[in-house]
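Numbering (the UniProt record's numbering), first residue to last: 1 to 235. Ideal Cβ positions, reconstructed from N, Cα and C, are used throughout, including at glycine. Everything numeric in this text was worked out from a predicted model, so none of it was measured.
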Amino acid sequence: MLIEVSTKVETLAINDNDIHSIVLSYLIHNCYKESVESFITSTGTKQPADYLEDMDKRKKIFHFALEGNALKAIELTEQLAQDILEKNKDLQFDLLSLHFVELVCSRKCTEALEFAQTKLGPFGKEPKYMEKLEDFMALLAYKEPEKSPMFHLLSLEYRQQVADSLNRAILAHLNLPRYTAMERLIQQATVVRQCLNQEAGKFCLTCKILDCSSLLGPVKGDVASYYSMQYWCSS
Numbered sequence: 001m002l003i004e005v006s007t008k009v010e011t012l013a014i015n016d017n018d019i020h021s022i023v024l025s026y027l028i029h030n031c032y033k034e035s036v037e038s039f040i041t042s043t044g045t046k047q048p049a050d051y052l053e054d055m056d057k058r059k060k061i062f063h064f065a066l067e068g069n070a071l072k073a074i075e076l077t078e079q080l081a082q083d084i085l086e087k088n089k090d091l092q093f094d095l096l097s098l099h100f101v102e103l104v105c106s107r108k109c110t111e112a113l114e115f116a117q118t119k120l121g122p123f124g125k126e127p128k129y130m131e132k133l134e135d136f137m138a139l140l141a142y143k144e145p146e147k148s149p150m151f152h153l154l155s156l157e158y159r160q161q162v163a164d165s166l167n168r169a170i171l172a173h174l175n176l177p178r179y180t181a182m183e184r185l186i187q188q189a190t191v192v193r194q195c196l197n198q199e200a201g202k203f204c205l206t207c208k209i210l211d212c213s214s215l216l217g218p219v220k221g222d223v224a225s226y227y228s229m230q231y232w233c234s235s
């Protein structure tokens, strides 16, 4: 089986345009505008004007959320499309919670409590938010919230998670892919590897490779197959 897969990898012809498309989608998704422009110039790839149109706005919103300036991120998001947050209460809660965390970290406990009562409190009417609210409110019980059991809510990783979710929501609103082709390829490779660990690994590998083009959307099936098998062979 390994020999057959290795032979398949070696004989696959990979189109440079497909690889360029994968890289470009990643750069656009993450708002690397300067890198996008340099990549287009150096490779001669066609410039996707629709993708670039709102990149600056997305980049500003993403960085405000990442820096913990959630209120500014909310303001700019509503200017771009007010219904994004209205339709996504989970994301709205997460952004408001970022501002609460910033107030706590700044030791503005009174202001943080008032903000929680007026902005986060209404979410408490829904059971799914109760546990999260309790976790955030627990931060107020500690003189040094960084040492509390909920310290992860103060982390860059948490802000990154919220910023990524916001970016994906904006992309979906603009009718753009929520996930890059590169992410989908990695997901596909993971699925293939998991299948190989199962009893019916051989059959599953064949099915997943053949079905790869439909899973990855705009990414070519043979390109997806190539990277899936490369990932497995190198693991």
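Straight-line gap, residue i to residue j (C-alpha atoms, nearest Å)
i, j, result
"residue 144", "residue 190", "40 Å"
"residue 100", "residue 170", "23 Å"
"residue 63", "residue 72", "10 Å"
"residue 93", "residue 28", "27 Å"
"residue 119", "residue 187", "37 Å"
"residue 40", "residue 30", "16 Å"
"residue 146", "residue 77", "29 Å"
"residue 83", "residue 90", "13 Å"
"residue 194", "residue 142", "43 Å"
"residue 19", "residue 152", "37 Å"
"residue 111", "residue 117", "10 Å"
"residue 131", "residue 97", "13 Å"
"residue 208", "residue 185", "Because the pLDDT of residue 208 is 49, which lies under 50, any placement of that residue in the model is unreliable, and the number read from its coordinates should be weighed accordingly. For residue 208 and residue 185, the distance between alpha carbons rounds to 12 Å."
"residue 180", "residue 109", "40 Å"
"residue 125", "residue 58", "31 Å"
"residue 38", "residue 44", "10 Å"
"residue 75", "residue 24", "29 Å"
"residue 158", "residue 150", "11 Å"
"residue 26", "residue 168", "13 Å"
"residue 160", "residue 70", "12 Å"
"residue 198", "residue 178", "30 Å"
"residue 164", "residue 95", "11 Å"
"residue 46", "residue 172", "22 Å"
"residue 16", "residue 35", "18 Å"
"residue 107", "residue 79", "30 Å"
"residue 155", "residue 85", "23 Å"
"residue 148", "residue 88", "29 Å"
Rounded Cβ spacing between residue i and residue j (contact assumed at less than 8 Å)
i, j, result
"residue 162", "residue 65", "6 Å"
"residue 56", "residue 33", "7 Å"
"residue 196", "residue 61", "Residue 196 to residue 61, Cβ: 40 Å. No contact."
C-beta atoms of residue i and residue j nearer than 7 Å
i, j, result
"residue 104", "residue 139", "yes"
"residue 68", "residue 114", "no"
"residue 129", "residue 123", "yes"
"residue 182", "residue 14", "no"
Chain D contact for residue i (CB, 7 Å cutoff)
i, result
"residue 138", "In the structure shown, chain D cannot be found, because there is only a single protein chain."
First through last residue of the alpha helix (DSSP H) which encompasses residue i
i, result
"residue 81", "Counting along the chain, residue 81 falls outside any alpha helix (DSSP H), and DSSP gives it neither H nor E."
"residue 65", "55-66"
"residue 132", "127-138"
"residue 31", "Unbroken run through residue 31: none, as it is neither H nor E."
"residue 46", "Careful: residue 46 lies outside any alpha helix (DSSP H) and carries neither H nor E."
"residue 88", "Here residue 88 belongs to no alpha helix (DSSP H), and DSSP marks it neither H nor E."
"residue 158", "156-173"
"residue 107", "Here residue 107 belongs to no alpha helix (DSSP H), and DSSP marks it neither H nor E."
"residue 189", "181-196"
Contact test: residue i Cβ vs the ligand MG heavy atom, cutoff 6 Å
i, result
"residue 115", "This structure does not include the ligand MG; it has no bound ligands of any sort."
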